[in-house]
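Take the sequence shown: its position 141, counted from the start at 1, is 141 in my numbering, and no numbers get skipped.
Using N, Cα and C, we set each Cβ at its ideal position, and we do this for glycine too.
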Amino acid sequence: MRFVDTAIENLALKLQKRQNLDHIDYLKVRLGMQVFVTNLFKGIVIYGLAILLHIFLYTLTVHISYFLLRRFSHGAHAKNSLLCHVQNIIFFILVPWLIVKYDIPFSFMLFLTILGWIFVFCYAPAATRKQPIKHSRKRALKIKSLSLMTLYFILFLFVPEPFNHLIAYGAFLQSATLLPVFFPKEE
């Protein structure tokens, strides 16, 4: 991983010189590249495992419902990169596999969908210290989040199994990241 960090550092320095960036802009560029590479690696691991386990479409379904909602509702992040990898494997590989393998009752998934809608209603959008949300954007983000959760609810009712369960799970998973228990009290 040191090789990747060095390559990012060198590329950011070249861009700083070529584009005449100040130190703050250089740091932003470097951070952006680090985030991109980290997310690319996570995607390769998750989708590589999904392909190996023959659950690619199931993982993709959960990911799409999760990330579309996350775009508007925001939410908590893992404490560090290793924990993020472990959580991704559990939440996007293991749980979708279990949902498909075992017959999860429709009523239970319906309950999770309704609970997710309530979480979004009560807590979206959820800002973090590193990613604050301007007050002027909060109302629009809440409306978009609730609209998307309502669409997920409708899809849950009409899309065939197991995809309706996977959509409901992805939406619930994201809505759970909005809960105040995941945000430290600010002092």
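The beta carbons of Phe72 and Thr113 sit about 17 Å from each other, so the pair does not count as a contact at 8 Å. Separation of Asn164 and Ile24 (C-alpha to C-alpha, rounded to the nearest whole angstrom) is 45 Å. Distance from the CA atom of His85 to the CA atom of Lys42, rounded to whole angstroms, is 7 Å. Here Arg70 has Gln174, Thr177 as same chain residues with Cβ atoms under 8 Å from its own Cβ, once five neighbours each way along the sequence are excluded. Between Ile99 and Leu166, the C-beta spacing is below 8 Å. For the pair Phe92 and Val62, the CB atoms are nearer than the 8 Å cut-off. Shown here, His74 sits in a strand according to DSSP, grouped into three states.
The stretch 118-135 makes no contact with the stretch 39-57, as fewer than three CB pairs between them are under 8 Å.
Cβ contact annotation for Asn20 (same chain, cutoff 6 Å, sequence separation greater than five): none. The three-state secondary structure of Ala126, taken from DSSP, is strand. Taking one beta carbon from each stretch, the stretch 30-45 and the stretch 132-151 have fewer than 3 pairs nearer than 8 Å; the two do not touch.
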